[in-house]
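The structure appears below as structure tokens.
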Amino acid sequence: MLRLSAGSEGELSPPVRTAHTASARPTTSPRSRQAPTPAHAPGVRPPTDVSTLTTVTVQLPEPAGRRPDDPPPKPRLLHMSPGQSAEFGRGAPGAPLPIPLHDPGVSRCAGQITAVEDYWRLSNYSSVATYVVENLEGAGEHIKVAPGRIGAPVPFELSRVVLPSVGDPVEFKVFAPQHAYADPGCDPASGEPTATPFSLNPTAKYFLVLLALCEPRLRSASSAAVPGVGGVVERLRPLPSCHDLTRSAVNYHIDYLVTTKLRMREERDGPSGDGGKRERLVSLALRFDLVREEHLSMLPPLVRH
């Protein structure tokens, strides 16, 4: 089961570098990087944008050497602000890259991703390999980044980057949940756009999961029960887009909502465990009308037993 974690135990802040000029590939090796700026964390260079808002999050691959019977490790997350870049590849001895990919078929420095406002760019440093970026919400939608392509824009909110490999599949996930919207009635040129605190896409599968969790209380304010993961699966399965929905997928969407879309902090005094997480998620969604009664038409008809 895939889980995202916003806590410090699940975060990782490896070296993040300012973007290369888009007209040329970097000519320096990982060993010849400049020293970090003292005002920032070790290995982190300041972004070209003065904003410190995290707009892109990379879920790093699991460490090499993990056995199948080992418990799943906590996700390692790399948070990036606009203008920050991170390279990916095998790296060199003693000089790992921010996004390590352990496969002999992957170049030592295979490419780079760059956070750009509410989307990101992918550079392919390989001269022979094509990289694929899959839209995790797009039912097969994907883009290909040709060898040598610099700064290919990726518009997907939830993405998986897949590289050709010799052994097991080599991939990592990239999330870009911060979408900016113009203020109604305002001149877009009069100032900076507003970053929506809760940027939810009603056409996304995670929204259906949230709606199924909130359905009992939307239909009856006195209802105290929040559906479990199994109940959400059963409720959404009749939809064509959810016929293959699994419990692990529902848990994935819940974690994504909690940690990335709504950026909820864990409450020490609140209910604990997965049930407590769902309870807090439903309470927040209903408090701010993130899901409303008119959204219930998106769910399949209720079957009366």
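All residue numbers for the sequence shown refer to UniProt numbering, where the first residue is 1 and numbers rise by one. Just so it is clear, CB atoms sit at the ideal spot from N, CA and C, and this is done for glycine as well. Computed from a prediction, not measured in an experiment: that's the story for all the values here.
| Query | Result |
| --- | --- |
| Counted within 10 angstroms of its Cβ, other Cβ atoms place residue 253 as buried (16 or more) or exposed | buried |
| Whole-angstrom distance between residue 176 and residue 70, CA atom to CA atom | 30 Å |
| Residue 178 versus residue 141: straight-line alpha-carbon distance, rounded | 21 Å |
| Straight-line gap, residue 163 to residue 110 (C-alpha atoms, nearest Å) | 9 Å |
| Start and end residues, beta strand (DSSP E) containing residue 173 | 170-175 |
| Secondary structure of residue 236, DSSP reduced to three states | helix |
| 7 Å CB neighbourhood of residue 174 in its chain, flanking five on each side removed | 56, 58, 113, 120, 159 and 161 |
| Nearest-angstrom Cβ-Cβ length linking residue 170 and residue 101, presumed shorter than 8 Å | 5 Å |
| Spatial neighbours of residue 281 in its chain, beta-carbon cut-off 8 Å, leaving aside the 5 residues before and after | 210, 213, 254, 257, 258, 262 and 264 |
| Residue from 79, 251, 208 and 233 with nearest C-alpha to residue 292 | 208 |
| Nearest-angstrom beta carbon gap, residue 247 and residue 229 [assumed within contact, 8 Å] | 5 Å |
| Reference residue 203, options 89, 95, 287 and 298, closest by Cα | 298 |
| Minimum Cβ-Cβ distance from residue 135 to chain C less than 8 Å | Here chain C cannot be found, since the structure has a single protein chain. |
| 8 Å Cβ cutoff met for residue 131 and residue 145 | yes |
| DSSP-derived helix/strand/coil call for residue 215 | helix |
| Rounded straight-line distance, which links the Cα of residue 105 to that of residue 61 | 16 Å |
| Cβ shell of residue 236 (< 6 Å), same chain only, five flanking positions each side left out | 208, 212, 242 and 245 |
| Bounding residues of the beta strand (DSSP E) (the contiguous stretch that carries residue 58) | 56-59 |
| Beta-ladder partner(s) of residue 89, from DSSP | 100 |
| Inter-residue spacing [alpha-carbon to alpha-carbon] between residue 90 and residue 134 | 21 Å |
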